[in-house]
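What follows is a single structure, written as structure tokens, with notes after it.
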Amino acid sequence: MSYSAPNVSYGTATVDGNINDWDLIQDLFAPMYIGGDSTKTLTSNVYLKYDCNQHVLYVLVLITNPLIPGLKSPDDAWAYVNNKNDKVYTGNSDNNGIPPDFAWVGVGFDGNQDHVQGYEASFSINPGNYYNIVFHLEVLGNNTSATTGFKNVPVSINLICTSTENPGIKIVKATNGSDNDTAPGLVLCKGDPVTWTYTVTNTGNVPLSQVTVVDDQPGVSPNYSSGDTNNNGLLDLTETWIYTASGTAIAGQYTNVGTVSGTSPLETTVIWSNPDNYFGEEHCRGIKFYLD
Ligand SMILES: [Ca+2]
Ligand SMILES: [Ca+2]
Ligand SMILES: [Ca+2]
Ligand SMILES: [Ca+2]
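Just so you know, this note's numbering puts 101 at position 91 of the sequence shown, and the rest follows in order with no gaps.
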């Protein structure tokens with residue numbers, strides 16, 4: 011299991027120690043805690059931008075508390091992707107415009123020339139899904155500040171460019187556990203309880219955010235029930251999310267349509283709908299009694 015951090019921003023940066031080229035809200039990727047342990051103190055954040063044309067990931071690490079400055083220690087500023095023995099940059103990388111590049115941010119900001127606010131860096135990486143990415147900065151007090159998702163759970167990263175993203179979503183709506191896309195569907199008695207189940211799956215190749223299920227009939231409100239097994243708020247490729255709504259059967263032919271929507275990492279909205287039907291008998295119990 012891995013923790014999926016928020017989506018990566020797309021774009022470029024200049025590795026020059028000046029952070030004006032970053033949007034500290036949009037580009038925020040993940041928090042960094044003492045020792046990479048999310049139960050300990052938050053000391054830094056990491057911001058990312060991915061350049062789909064050059065296949066370069068730009069990195070900004072910034073401390074969150076000026077009383078816990080970063081240390082200008084080149085060997086202790088680094089990142090790895092999947093393999094901890096294979097650093098993608100360090101504070102010893104040069105800065106010649108060819109990734110990997112590295113530049114300190116805010117050297118001596120508090121009057122001590124050994125202290126920094128963080129660093130900018132870049133490195134080459136192809137689009138794809140990487141299951142374990144760690145960013146690192148040494149901070150004051152014999153501490154390291156490193157990325158984490160949950161305690162001891164690595165952060166995964168999904169780098170997706172237009173040519174490889176193919177989002178898709180599907181919904182199956184059922185009435186009392188049975189799927190009836192065409193009328194009349196299930197025969198119910200007026201007044202019977204009805205439960206609608208909406209089963210949502212990901213048919214594309216990217217996780218989806220902002221998943222929403224609605225029903226076209228007033229008073230039918232689908233509520234999320236289960237399925238986000240890694241609790242990251244994203245409909246991942248292997249997940250099946252269940253929503254339910256309940257009501258009371260009315261007389262006559264009844265049709266309602268469930269619709270799901272979701273948003274891809276590149277902000278494409280995908281939508282799918284599925285109807286379901288039942289026929290409500292007006293007097294089914296009473297008729298049976300008298301005919302007998
Ligand atoms: Ca910059
Ligand atoms: Ca370089
Ligand atoms: Ca159906
Ligand atoms: Ca999920």
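Beta carbons: idealized from backbone N, C-alpha and C, even for Gly.
What residues in its chain sit with their C-beta under 8 Å from that of T222, if we drop five residues either side in the sequence?
Residue mapping note: residue 222 aligns to position 212 of the sequence shown, counting from 1. The residues are V270, S271 and G272.
Pick from I143, G268 and N153: whose alpha carbon is nearest that of S166?
Your numbering for residue 166 matches position 156 in the sequence shown. Of I143, G268 and N153, the residue nearest in Cα terms is I143.
Cα-Cα, which of E292, D238 and T207 is closest to G268?
Here the question's residue 268 lines up with position 258 in the sequence shown. Taking the Cα of G268 as reference, the smallest distance to any Cα among E292, D238 and T207 is reached at T207.
I73: which of V216, L38, E175 and K59 sits nearest, CA to CA?
Within the sequence shown, numbered from 1, the residue matching residue 73 stands at position 63. Of the candidates V216, L38, E175 and K59, the one whose C-alpha sits nearest the C-alpha of I73 is L38.
How many Å lie between S283 and G262 at the Cα?
Translated into the one-based positions of the sequence shown, residue 283 becomes position 273. Translated into the one-based positions of the sequence shown, residue 262 becomes position 252. Inter-residue distance for S283 and G262 is about 23 Å (C-alpha atoms, whole angstroms).
Under 8 Å from any heavy atom of ligand 5, does the C-beta of K183 make it?
Among the ligands modelled here, namely ligand 1, ligand 2, ligand 3 and ligand 4, ligand 5 does not occur.
Can you tell me which residues fall inside 5 Å of ligand 2, judged by beta-carbon distance to its nearest heavy atom, and keep chain order?
With 5 Å as the limit between CB and the heavy atoms of ligand 2, the residues that fall short of it are D104, N106, I108 and D111.
Secondary structure, beta strand (DSSP E): runs of 3+ residues fully inside the stretch 30 to 108
For the stretch 30 to 108, the continuous beta strand (DSSP E) assignments of 3+ residues that do not extend past its boundaries occur at 38 to 44, 52 to 61, 66 to 73, 88 to 91 and 97 to 100, in sequence order.
Please say whether A40 and T154 have beta carbons closer to each other than 9 Å?
By 1-based counting over the sequence shown, the position of residue 154 is 144. By 1-based counting over the sequence shown, the position of residue 40 is 30. No, the Cβ-Cβ distance between T154 and A40 is not below 9 Å.
Does at least one heavy atom of ligand 4 sit under 8 Å from the Cβ of N303?
The structure shown has nothing for residue 303, since the chain only spans 11 to 302.
Please tell me whether, using a cut-off of 8 Å, the distance from the CB of N284 to the nearest non-hydrogen atom of ligand 3 is below it.
Taking the sequence shown and counting its residues from 1, the one referred to as residue 284 is at position 274. Yes; taking the cut-off as 8 Å, the Cβ of N284 has a heavy atom of ligand 3 nearer than that.
In this structure, how does DSSP classify C171 when only helix, strand and coil are distinguished?
Stepping through the sequence shown from its first residue, residue 171 is reached at position 161. Of the three classes helix, strand and coil, the one that applies to C171 here is coil, per DSSP.
Could you tell me if A193 is buried or exposed, where buried requires 16 or more neighbouring beta carbons within 10 angstroms of its beta carbon?
Position 183 of the sequence shown, counting from 1, holds the residue named residue 193. By the neighbour-count rule (16 or more Cβ atoms within 10 Å), A193 is not buried but exposed.
If Y68 and A23 are in contact, beta carbons under 8 Å, what's the gap, nearest whole angstrom?
Position 58 of the sequence shown, counted from the start, is the residue given in the question as residue 68. Position 13 of the sequence shown, counted from the start, is the residue given in the question as residue 23. Indeed, because the Cβ distance is near 4 Å, the residues count as touching under 8 Å.
Rounded distance between the beta-carbons of P232 and L150, thought under 8 Å
For the purposes of this step, residue 150 is identified with residue 140 of the sequence shown, where counting begins at 1. For the purposes of this step, residue 232 is identified with residue 222 of the sequence shown, where counting begins at 1. That pair is no contact at about 50 Å.
From V117, F133, H125 and F145, residue whose alpha carbon lies closest to that of W88:
Taking the sequence shown and counting its residues from 1, one reaches residue 88 at position 78. Comparing Cα positions, the closest option is F145.
Exposed or buried, what is L147 when buried is set at 16 or more other beta-carbons lying within 10 Å of its beta-carbon?
Looking up residue 147 in the sequence shown gives position 137. L147 is classed as buried because its beta carbon has at least 16 other beta carbons within 10 Å across all chains shown.
From the DSSP output, which residues share a beta bridge with F119?
Start at 1 with the first residue of the sequence shown, and residue 119 comes out as number 109. Beta-bridge pairing links F119 to no other residue.
Assuming N139 contacts N168 (C-beta within less than 8 Å), just tell me the rounded distance between them.
Start at 1 with the first residue of the sequence shown, and residue 139 comes out as number 129. Start at 1 with the first residue of the sequence shown, and residue 168 comes out as number 158. Rounded, the Cβ-Cβ distance is 5 Å, consistent with contact.
Any heavy atom of ligand 3 closer than 8 Å to the beta-carbon of N186?
One-based indexing of the sequence shown puts residue 186 at position 176. No; taking the cut-off as 8 Å, the Cβ of N186 has no heavy atom of ligand 3 nearer than that.
Mind checking whether the beta-carbon of W251 lies closer than 8 Å to any heavy atom of ligand 1?
Locating residue 251 in the sequence shown gives position 241, where the first residue counts as 1. Relative to ligand 1, W251 has its C-beta separated by 8 Å or more from all heavy atoms.
Hey, quick one: how far does the beta strand (DSSP E) through P137 stretch, first residue to last?
In the sequence shown, residue 137 corresponds to position 127, counting from 1. It is not in any beta strand (DSSP E) - P137 carries neither H nor E in the DSSP assignment.
Keeping to the same chain, check which residues put their C-beta closer than 8 Å to that of Y141; ignore five residues upstream and five downstream.
Within the sequence shown, numbered from 1, the residue matching residue 141 stands at position 131. The residues are S12, N92, P164 and S166.
Taking 8 Å as the cut-off, is the beta-carbon of N28 closer than that to any non-hydrogen atom of ligand 1?
Mapped onto the sequence shown, residue 28 falls at position 18. Yes, the beta carbon of N28 sits closer than 8 Å to at least one heavy atom of ligand 1.
Rounded separation between P285 and G187 - CA only:
Counting from 1 along the sequence shown, the entry for residue 285 is found at position 275. Counting from 1 along the sequence shown, the entry for residue 187 is found at position 177. The straight-line gap separating the alpha-carbon atoms of P285 and G187 is approximately 14 Å.
Anyone know if the C-beta pair for I179 and I281 falls short of 9 Å?
Position 169 of the sequence shown holds residue 179. Position 271 of the sequence shown holds residue 281. The beta carbons of I179 and I281 sit closer together than 9 Å.
Where Q64 falls, given that 16 or more other Cβ within 10 Å makes a residue buried
What you label residue 64 is simply residue 54 of the sequence shown in a count that begins at 1. Counting C-beta atoms within 10 angstroms of its own C-beta, Q64 has fewer than 16 neighbours from the protein chains shown and is therefore classed as exposed.
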